[in-house]
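Input: a single structure, listed below in structure tokens.
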Amino acid sequence: MTFLQRLFNTIFWSFFTIGALHYNCTVPRTILHLDLDAFFCAVEETQNPSLRGKPFAVGGKPDERGAVASCSYAARRFGVRSAMPMSRAVRLCRNLIIVPGRHRLYGEVSEKVMARLHNLTPLVEQISIDEAFLDISDIARPPERVARDLQAAIRDELQLPSSIGIASNKLVAKIATEVGKKSAKGDGPPFGLTIVPHGDDAKFLAPLPADMLWGVGPKTSARLADLGIHTIGDIARWPEAEMARLFGENGRELWNHAHGIDNRPIVTEYETKSISQETTFSVDIRDEKTLEKTLREQSKEVARQLRRSDLAGKTIKLKIRWPDFTTITRQVSLPTPTDNEDEITKAALKLLHAVRKPNQYVRLLGVGVSGIGAPIRQLGLWDAGSEKSRKLQEVVDQLQEKYGRDVIHKG
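For the sequence shown, counting from 1, position 28 maps to 277 in our numbering; every step adds exactly one.
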């Protein structure tokens, strides 16, 4: 190779590298938001196809103060909605079929969906049992093709419907999904797909109701209405400084969101994951032994789920709801992450006793673990007891997994 050829190659590849770096720095993100349509009901239909097309709801019994966890699209035609008291749902739809929830099954199906997403890209942020964000910026196929292929794969492999929104950030992608679901025609699952072109975020958001923005609840919505602000475009037209003056730092964020600005990255697996269990009692409970027993059972299940996923959590959280529907949460952080049911139970009971007055009635009780990551296995002289307990719990897990929950219990 001559000197001139080497010089040409050096200059060519230098410009190519600079161009590639410039492209990578300036190319906009492409974020996909996936929402599994009426997820609990869709899973139940895979187990019992005779439910398809019928009005049914997953949840508790109406005479036990149960609530609607999910409802079929046939039930929605009667006005039935998620989170509605089941007693009201039955009044709205006399033929409503009530299906008890099977949350372990839903969790297992959700894991299969998330595994499918991780096959597409490692940049997956699961935000609930039936929702996730994906950063598909580096996928060569056009975004619409990626979305259609993903919907088809989830439908064909798991018989589940899904809706998708695609935009340059998480905020707009999620709203795009909601818009697609609302604009779908027909009585069945929407299978929505809405794509917001790069640069059109503010234009897409402008005509939508202000309460479609994250953080705009009933109180903020009422304040905005008093100011003559009804759409997201109305918010965008106000000066940023004025929004900040009226609503504080939230007003500045509101203004940014109204312009389609959201720089939050995709936060993957361990940074978002939490595991929890909660119980709504059929009657308000004040018996301390019943409450403590409930917490122990919940802690045992949370610990079992942690061990099953080979995870551990550092923050123990208690959730409690009083008869007047006031809900409070309390949490405590442990020195090291744990998957031990005894440690979780001890922390949860301590929080319960600290927040609850003697003989005070309780409507709902729950325990959760967050700050989750890989468990720490540093066994020292003084850790032998807890490690022995963990090994015992793993054996119990294996036996219960194989032969059922009632085969063995810790003494």
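A virtual CB, placed ideally from N, CA and C, is assigned to each residue, including glycine. Bear in mind the structure is a predicted one, so any value in this text is a computation, not a measurement.
In the three-state scheme derived from DSSP, where H, G and I count as helix and E and B as strand, glycine 482 is classed as helix. In the DSSP assignment, serine 582 is bridged to Thr564. Comparing alpha carbon positions, the residue from Thr480, Ile388 and Lys542 closest to leucine 462 is Thr480. Around the CB of glutamate 293, 16 or more other CB atoms lie within 10 Å, so the residue is classed as buried.
Bounds of the beta strand (DSSP E) holding histidine 282 are 280 to 285. The three-state secondary structure of valine 373, taken from DSSP, is strand.
Following the DSSP letters along the chain, one finds isoleucine 510 in no alpha helix (DSSP H), marked with neither H nor E.
For glycine 429, the enclosing alpha helix (DSSP H) covers residues 419 to 432. Shortest Cα-Cα distance from glycine 437 to any of Pro304, Asp387, Leu600 and Pro586 involves Pro304.
In this structure, the alpha-carbon of arginine 605 lies about 10 Å from that of leucine 598.
Among the bridge pairs identified by DSSP, aspartate 384 is matched with Ile280. In this structure valine 616 does not touch serine 531 by the C-beta definition: roughly 19 Å separates them, more than the 8 Å allowed.
Taken in chain order, the unbroken stretches of beta strand (DSSP E) that lie wholly in the segment 322 to 362 and span 3 residues or more are 346 to 348. Taking all protein chains in view, the Cβ of lysine 431 is surrounded by fewer than 16 other Cβ atoms within 10 Å, so the residue is classified as exposed. In the structure shown, glycine 622 adopts extended strand secondary structure according to DSSP, grouped into three states.
The beta carbon of alanine 416 lies closer than 7 Å to those of Ile280, Ala422, Ala425, Val445 and Asp450 in the same chain, with the five residues before and after it left out. Three or more Cβ pairs drawn from the segment 584 to 595 and the segment 554 to 571 lie within less than 8 Å of each other, which places the two stretches in contact. In the three-state scheme derived from DSSP, where H, G and I count as helix and E and B as strand, phenylalanine 440 is classed as coil.
Between valine 516 and valine 618 a beta carbon distance of about 18 Å is seen, past the 8 Å cut, so the two are scored as non-contacting.
The alpha-carbon separation between lysine 452 and leucine 600 amounts to approximately 48 Å. Boundaries of the alpha helix (DSSP H) around alanine 401: 392 to 407.
For the options Asp286, Pro514, Leu613 and Met492, the alpha carbon positioned closest to that of glycine 441 is the one of Asp286.
Boundaries of the alpha helix (DSSP H) around phenylalanine 496: 489 to 496.
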